[in-house]
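One point on numbering: in this note's numbering, the residue at position 102 of the sequence shown is 146, and numbering is uninterrupted. Using N, Cα and C, we set each Cβ at its ideal position, and we do this for glycine too.
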Amino acid sequence: MGETKWTDEQLSAIKTRNCNLLVAAAAGSGKTAVLVERIIRIITNKDNPVDIDKLLVVTFTNAAAAEMRERIAAAISKALDKEPTSKNLQKQLTLLNRANITTMHSFCLDVIKNNFHKIDLDPSFRIGDQTEGILIKDEVIETLFEEKYDQEDTEFTSLVEAFSTYKNDDNLKELIINMYNFIMSGPWPENWLKENAEAFNIETMEKLNNSKWVLVLKNSIKVEIEGYIKMLEKAIEIINLTDGLEPYLETFSNELYSIKNAYNSIDCGLDDIYSSLCSISFGRLKSIKKDKVSDENVQNTVKSIRDDIKKKISELINNTFSVTPEEMLINIKGAYPTIKKLTEIVLEFGEKFSQKKKEKNILDFNDLEHLCLKILSDKDENGNIIPSKTAIEFKNLFDEVLVDEYQDSNNVQETIIELVSRRKDEFPNVFMVGDVKQSIYRFRQAKPELFMEKYINYTLEESNNRKIQLYKNFRSRKEVIDGVNYIFKEIMSETVGELEYTDEEALNLGASYENSEDENVILGGPIEVNIIEKSIEESDLNKEKLDEEDFENEEIEGVNLEGKIVAKRIKELMTTTGNNVFKVLDKETGEYRPIKYKDIVILLRATKNWSESLLDELGQEGIPAYADTGSGYFESIEIRTIMSLLRVIDNPMQDVPVIAVLKSPIMGFSAEDLCIIRLKNKEKYFYENIADIAEGNICDISEELITRCKGFLEKLEIWRNKAIYMPIDEFIWYLYMDTAYYGYVGAMPNGVLRQANLKILFQRAKQFEQTSFKGLFNFINFINKLTKSSGDMGSAKILGENEDVVRIMSIHKSKGLEFPVVFLCGTGKQFNLMDLNKNILYHDELGFGPDFVDLEKRVSIGTIAKEAIKKKMKLETLSEEVRILYVACTRAKEKLIITGTVNNIQKSIEKWVSSASLDYNLILPSEILKGKSYLDWIGMSLCQHNDGKVLREKIAVSNEISKDDNSKWDIKLWKRSDIVVNNEDGKLEEEKEVKLSILEEEYDKDVYGEVDKRLSYKYPLKESTKLKSNISVSDLKKRNAEFIDQHVESINIEEVESKNNRTIITPKFLQEEKGLTAAEKGTAVHFVMKKIDLDKVSSIHEIKDQIQYLYENDFILEEEMKAVNPSKILNFFKSDLGKMMTELHKEGKKIYRELPFYTEISSVNIDNTLSEEYENEKVRLQGIIDCFFEYNGESILLDYKTDYVSKDNEAELQKKYIKQLDYYSDAVFKITGKKVSKRYLYSFYLEKVIEI
């Protein structure tokens, strides 16, 4: 291969010296090659060569550091081939082994090892395993809490009450450990804690108005209000262009003026902001006769825009100002003592944890950075941090400091770089390369803001602080680049994404893909987007309640539907015969060749719950695939068996592990054997029964079983004795050999993988032996903690890079990789915002975000600090999601195929079109923030594109308004039936052909006669066949007129309350959101009552927060959230029944909520026209009991009702539901054996308990 041809920008990044240099290198721009070339030219410069050990090169991973060394070694060797007598090159090759090409942790470790005497550290320290650290933390926190309880510390007791449940103090323990882990990601954790605790010591409104929390809230409110102003301005523009709408103009203009006034007050104090928002007024629209309006659809559109703004502003006020500014100040002051005590406990925990590690002579990864900081820093007379003598030595040693993947640096690493470099000195020397658009490690406390601060302030011209942009992409085809640029110009902004994706930031085509002369060859092509509808069947929608399994099944089916589409498309791409053969460019030969499976990757935001389903779907179509899941290890049969064996050896008084070992190939007991052992004495442990059988204490036992039991006990005794003195790793290997289990699993399907998994367990045991914990019990605890802290692990990797299989991996694992064909799947999956709903939030800039817990009133109220941090964290999380999507899309070299599922295509497109605001050709950041998935963002963008015609036609929107863009898109809309029916029909037809051919070969008249006889059989009680085999209580109620009262209507509460303020209904296809039916609203109330935390129902704020939590974590939809009235929920819990439930919950008593049941009833109960001979024909009755509990010895049954009913018609409600409660009572008796003492309805409309 010839010499590399560098672009002007690349050459500039390679050659520029004697300054701080930030290289913004986009995906596929060759940044690693540039970094290596820069190092090579520095060390081989003929005029001023620098030894390679005078450079500090910081990489993100050990693998990246190793690759960097290899590249540099190869480059030096290549140069030596040309100049074999060069002493400088020979010297550099020799020095390479001690060159500082390293991760930040490895650099810190070297600093500590060479300066241990300066920090009073035993030089024989070791780096502790992550799980060992968790075990030590658990030990320390238990000791600390015991001390605090013994001291009868009242402030600590208050802290426990504020953050723990009535059952235990685990929540507080977890909070302390998590907060400690968080602060250790910053350079000065003790200072951070103290400063941010004191931030709550606020006495005046002036100080509150000047706080960092209020600044964040102001910016958030600005983004929202700006969006509403733009929307209203557009509505006014439409009014001016539409004949007949002039009467609306004055009202809309006045409302725009009012909103702009509120916007102008945002820079004022909280009182002014609150007053201005509350003063926004919406007048009454003048009526317009239908015949006066030229376009009624346009009229409905502007009214819909206005209604949406009214609703959103109301929500803004209620969410941000749920209490007045004065109350905000009171709550902040009230939270101060709790926060102050919490910080003291966290600091005390940190001190004890450090002491414990010192006793064991171990360090963890956080210690490496912080002890390094301690060595490298001093303080001047004013307390400011300055470089220590050691740091100054490094400043003089390093000619240049080069940082790779700079966008993923954190504050600690930034501080260390500052201390060992000359960044702020007269002769700056820091080279930083990265791409802020690919910063996707905020969960590891990465700070893309560090990159952005320099990107904004550094200049393109020569200076001490300079930046160079490498935005030419040498990876992808034009179709991929154009598509990526189009999407991210639409969705990435300074607000969401933390960078405006302008033409300057866009990718530029750098790769060269020649066209093929063969007409039958397909190369590249438009980006494909497959939008799949997985809507719930009509029959399911008619259910009175959808249970949780329905929703889980829908999610699972969504994965399967995407899997079928992916498998279908892969098979099409892999077709190598006939016309239209898809080919890719071979990296090695530079020639086009047919695609291979290994050219394809399937990317997922998270592989959990998705990869297995995709593997199944691909496997069914004969497509070889491999998933790097990061899970499944501890669930594999071989690991579960060995862990069960270890648990039995440690403590045989555990029935589940004992049974698992006996049933396994290790002992070979049959299911019948196990039943015999169990039934001999149900009260004893399984092990005790085995011992009794072995000793001959039980009659009627076969000699064979007695012998087996004796054999098990003898083996167990040997194993238990060996476990006492053998190191755990040697003991585990001994078990593998002694039981022959290692060889057994090797003979099973996927035997090589299973043996590799057992080897990993052996290696884990070897690591454990290096820790301060010993023995079998501690190893089992070690594995338990490992599983809990890290989740499951991936199975052993036995797949080589060249294996011809489709790979399935997470987007994070794909970073830095490239593939000819990328399938981006699961784009309809909603973003995970669960972290925003914790009791207390914390943020590196904004500090603590707690609730104010009033222990006297037993209520918890959100603080302005929490609201500000919540908004900031949501913005940062969604910004990171934009960048993750960018990383996913830029992995593709030649073809990008996107799939995603939605519940309802029509409704989704309506939402996208509304957010995209086709008329003014702009997606506002406020609309991007409303997106709940990647597919929402992609959909918003594409419904404006020329190729988005298929989306616009779906909802009858004009195709005249679209963006003229060079990118090419192939958008397909799929219904579930299109995928499932076509797929199944093909398989059924194939099976039919096979069976017919078999019958033809094996013709037998007797067989056909028997078949004919069976097929001709008529069931005598034929009326039974017309009934469903399963029927719900609600269906039964509807069938039987006895239980229906025509005067009681299922009208929603809110509909009745607003029936006197009716407005003209907007056509469904123009509505941004369609309303729920009364039954759907009732279902939402029932679901909230099922999920609500009974510890947090004492105030309207707690209930609102819980409903918000359910919405933000995708348990309920936005319209369902709005359908549930928090005050009505609160009033229930103020009732006698509600108080009973909370009282029982605090006592730890069981309360059954949404209890499903199945029972049998006679057919004649369903259809009273059936004769007595049908009495024994049974039908399964199923239903869900809303609530059941025992109180003071009485069994109480409770059913919630959301029906409208007049106050004087209460008896009708009783009549309507008495039979339903009869069935529920019967079911409770069958489940518990106890008769129901009292039965109640609770009417949410009447807010009343009604005894039946």
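For residue i, does the three-state DSSP call read helix, strand or coil?
{"i": "A117", "result": "helix"}
{"i": "F756", "result": "helix"}
{"i": "W1297", "result": "Examination of residue 1297 is not possible in this model, given that the chain is present from 45 through 1296 alone."}
{"i": "C1231", "result": "strand"}
{"i": "T146", "result": "strand"}
{"i": "T76", "result": "helix"}
{"i": "T921", "result": "helix"}
{"i": "I710", "result": "coil"}
{"i": "Y677", "result": "coil"}
{"i": "E1297", "result": "The requested residue 1297 is not part of the displayed model; the chain covers only 45 to 1296."}
{"i": "A791", "result": "coil"}
{"i": "D1089", "result": "Here the model assigns D1089 a pLDDT of 37, short of 50, so the residue's position is not dependable and the matter cannot be decided."}
{"i": "K192", "result": "helix"}
{"i": "N158", "result": "helix"}
{"i": "R467", "result": "coil"}
{"i": "E732", "result": "helix"}
{"i": "I999", "result": "coil"}
{"i": "E388", "result": "helix"}
{"i": "D898", "result": "strand"}
{"i": "A71", "result": "coil"}
{"i": "N509", "result": "strand"}
{"i": "D660", "result": "helix"}
Please classify residue i as buried or exposed, where buried requires at least 16 neighbouring CB atoms within 10 angstroms.
{"i": "M878", "result": "exposed"}
{"i": "F863", "result": "buried"}
{"i": "K608", "result": "buried"}
{"i": "D1352", "result": "This structure cannot settle anything about residue 1352, because the visible part of the chain is limited to 45 through 1296."}
{"i": "N120", "result": "Looking at the sequence shown, residue 120 is not Asn but Ile. Result: buried."}
{"i": "R142", "result": "exposed"}
{"i": "S168", "result": "exposed"}
{"i": "E581", "result": "With a pLDDT of 45 at E581, under the threshold of 50, the modelled position of that residue is not reliable, and the figure given next carries that caveat. It is exposed - the Cβ of E581 has fewer than 16 other Cβ atoms within 10 Å."}
{"i": "D424", "result": "exposed"}
{"i": "A109", "result": "buried"}
{"i": "I762", "result": "exposed"}
{"i": "D452", "result": "buried"}
{"i": "A1301", "result": "Here the chain comprises residues numbered 45 to 1296, so residue 1301 is not present and cannot be evaluated."}
{"i": "K330", "result": "exposed"}
{"i": "E911", "result": "buried"}
{"i": "F487", "result": "exposed"}
Within the present structure, is the beta-carbon of residue i separated from the nearest heavy atom of the ligand GDP by less than 6 Å?
{"i": "P864", "result": "Summarising the ligand content, the structure contains no ligands, and the ligand GDP is consequently not present."}
So residue i and residue j are supposed to be a Cβ contact under 8 Å. How far apart are they, rounded?
{"i": "Q1298", "j": "K998", "result": "The structure shown does not extend to residue 1298, since the chain is modelled only from 45 through 1296, so no value can be given for it."}
{"i": "E462", "j": "L494", "result": "Contact flag wrong, Cβ pair sits at about 11 Å."}
{"i": "Y1289", "j": "D1247", "result": "7 Å"}
Tell me residue i's beta-bridge partners as DSSP assigns them.
{"i": "Y886", "result": "F892"}
{"i": "M476", "result": "L66, V447"}
{"i": "M853", "result": "L647"}
{"i": "Y1284", "result": "L1242, E1295"}
{"i": "F626", "result": "I566"}
{"i": "K516", "result": "N552"}
{"i": "V260", "result": "None; V260 has no bridge partner."}
{"i": "A671", "result": "I852"}
{"i": "H989", "result": "K1007"}
{"i": "I575", "result": "G944, L1017"}
{"i": "T1203", "result": "L1225"}
At what residue ranges does the stretch 1136-1200 contain a whole run of the alpha helix (DSSP H), taking only runs of 4 or more? 1144-1156, 1162-1167, 1170-1178, 1180-1190
Contiguous alpha helix (DSSP H) assignments of at least 4 residues, all confined to the stretch 305-356: 314-323
Entirely within the stretch 202-264 and at least 4 residues each: give me those alpha helix (DSSP H) ranges in chain order. 214-227, 233-242, 249-253
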